[in-house]
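Line by line, the protein sequences are chains B and R.
Numbering-wise, the first sequence is residues 0 to 134 according to numbering that gives the first Met the number 0.
Numbering-wise, the second sequence is residues 0 to 134 according to numbering that gives the first Met the number 0.
Protein chains: 2
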Amino acid sequence: MGEAGFLDAIAWNEAGLAPAIVQDAQSGEVLMLAWMSRESLARTLEMGEAVYFSRSRGALWHKGETSGHFQKIREIRLDCDGDALLLKVEQVGGIACHTGRPRCFFNRLDNGSWIITEGEGEGRLSDPSLFRKGD
Amino acid sequence: MGEAGFLDAIAWNEAGLAPAIVQDAQSGEVLMLAWMSRESLARTLEMGEAVYFSRSRGALWHKGETSGHFQKIREIRLDCDGDALLLKVEQVGGIACHTGRPRCFFNRLDNGSWIITEGEGEGRLSDPSLFRKGD
């Protein structure tokens with residue numbers, strides 16, 4: 000295995016991407032789902048901070064580059080099929096979502112409708128206009 | 000919104016699917032990543048147990064149907080973009096992975112290589128020959 004052998008072990012999809020689940024290393028809360036390319040994962044390791052592939056912008060996306068809400072990598076895992084990643088991170092600023100919330104999964108299915116959960120430390124901590132979508 | 004309004008709120012991908020992160024409702028451990036279609040999510044709600052869409056088989060997949068390792072739904076969440084689901088489940092039998100392990104993310108990146116983590120309650124609890132891949 001060469002230097003990039005661990006990248007070859009990943010079953011990238013037809014677009015060259017794999018989904019990355021992002022989990023708070025301390026609390027265990029799932030923060031967000033993002034996508035990674037070979038290059039973004041390689042950069043993530045180099046920097047020690049999460050670098051994703053933005054499908055909407057078609058470019059690498061160093062999470063936090065405009066918001067300051069970087070994700071420091073604590074652990075990276077791969078699943079049994081090699082087609083999904085799990086990143087355990089330290090979320091700088093405690094805000095993972097571009098809406099200003101701690102995490103992206105704030106819609107809870109309740110009796111057939113999606114309810115925005117604002118309680119339990121799930122509400123907005125920051126003004127979303129301060130950073131761009133996807134950051 | 001009609002009965003299926005909550006399904007319309009999801010940004011299904013070009014294949015009609017959305018990734019579903021599956022998390023143990025008690026421990027917070029991420030168990031696996033699966034894919035859902037409209038029909039699989041509707042069936043999940045009806046049954047109260049996870050029903051996914053198997054991309055390899057191109058068919059609905061009632062998780063546990065051959066292994067008995069069903070996933071009882073405790074909560075369903077949707078992310079800010081509406082294109083990723085988070086399921087909090089009770090994992091029957093404590094085994095989510097078709098390899099017989101508690102969870103699918105047993106490969107940990109360690110100094111440029113994927114290491115299978117067998118310690119910390121992560122080893123095989125069951126003979127994987129007992130159930131088919133993806134179950």
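Even for Gly, the Cβ is constructed at its ideal location relative to N, Cα and C.
Remember, predicted model here, so these are calculated numbers, not experimental data.
For residue i, report the span of its alpha helix (DSSP H) as first-last.
{"i": "A41 (chain B)", "result": "R37 to M46"}
List the endpoints of the continuous beta strand (DSSP E) containing residue i.
{"i": "D109 (chain B)", "result": "N106 to D109"}
{"i": "D23 (chain R)", "result": "L16 to D23"}
{"i": "I200 (chain R)", "result": "Absent from the structure is residue 200 (chain R), since the part of chain R shown begins at 0 and ends at 134."}
{"i": "W113 (chain R)", "result": "S112 to I115"}
{"i": "W60 (chain B)", "result": "A58 to H61"}
{"i": "E89 (chain R)", "result": "L84 to Q90"}
{"i": "S53 (chain R)", "result": "V50 to S53"}
Using a Cβ-Cβ distance cut-off of 9 Å, determine whether residue i contacts chain R.
{"i": "S66 (chain B)", "result": "no"}
{"i": "F69 (chain B)", "result": "no"}
{"i": "F52 (chain B)", "result": "no"}
{"i": "M0 (chain B)", "result": "Caution applies to M0 (chain B), whose pLDDT of 42 falls short of 50 and renders its modelled position unreliable; the value that the coordinates give is listed next. It does: the Cβ of M0 (chain B) has a partner Cβ on chain R nearer than 9 Å."}
{"i": "G81 (chain B)", "result": "yes"}
{"i": "L85 (chain B)", "result": "yes"}
{"i": "A10 (chain B)", "result": "no"}
{"i": "R107 (chain B)", "result": "yes"}
{"i": "S112 (chain B)", "result": "yes"}
Could you check what DSSP says for residue i in three-state terms: helix, strand or coil?
{"i": "F5 (chain R)", "result": "helix"}
{"i": "M0 (chain B)", "result": "Caution applies to M0 (chain B), whose pLDDT of 42 falls short of 50 and renders its modelled position unreliable; the model cannot decide the point."}
Say whether chain B places a C-beta atom closer than 9 Å to the C-beta of residue i.
{"i": "E48 (chain R)", "result": "no"}
{"i": "Q22 (chain R)", "result": "yes"}
{"i": "E163 (chain R)", "result": "Because chain R is modelled from 0 through 134, residue 163 (chain R) falls outside the range shown and cannot be assessed."}
{"i": "L124 (chain R)", "result": "no"}
{"i": "I75 (chain R)", "result": "yes"}
{"i": "M35 (chain R)", "result": "no"}
{"i": "P101 (chain R)", "result": "no"}
{"i": "W60 (chain R)", "result": "no"}
{"i": "G4 (chain R)", "result": "yes"}
{"i": "L16 (chain R)", "result": "no"}
Does the region 83-91 of chain B come into contact with the region 17-25 of chain B, if we say contact requires no fewer than three beta-carbon pairs (one atom in each stretch) closer than 8 Å?
yes
Is the region 24-42 of chain R close to the region 99-110 of chain R, with three or more CB pairs under 8 Å?
yes
contact_flag[the region 63-80 of chain R, the region 43-51 of chain R] where n(CB pairs < 8 Å) is 3 or more:
yes
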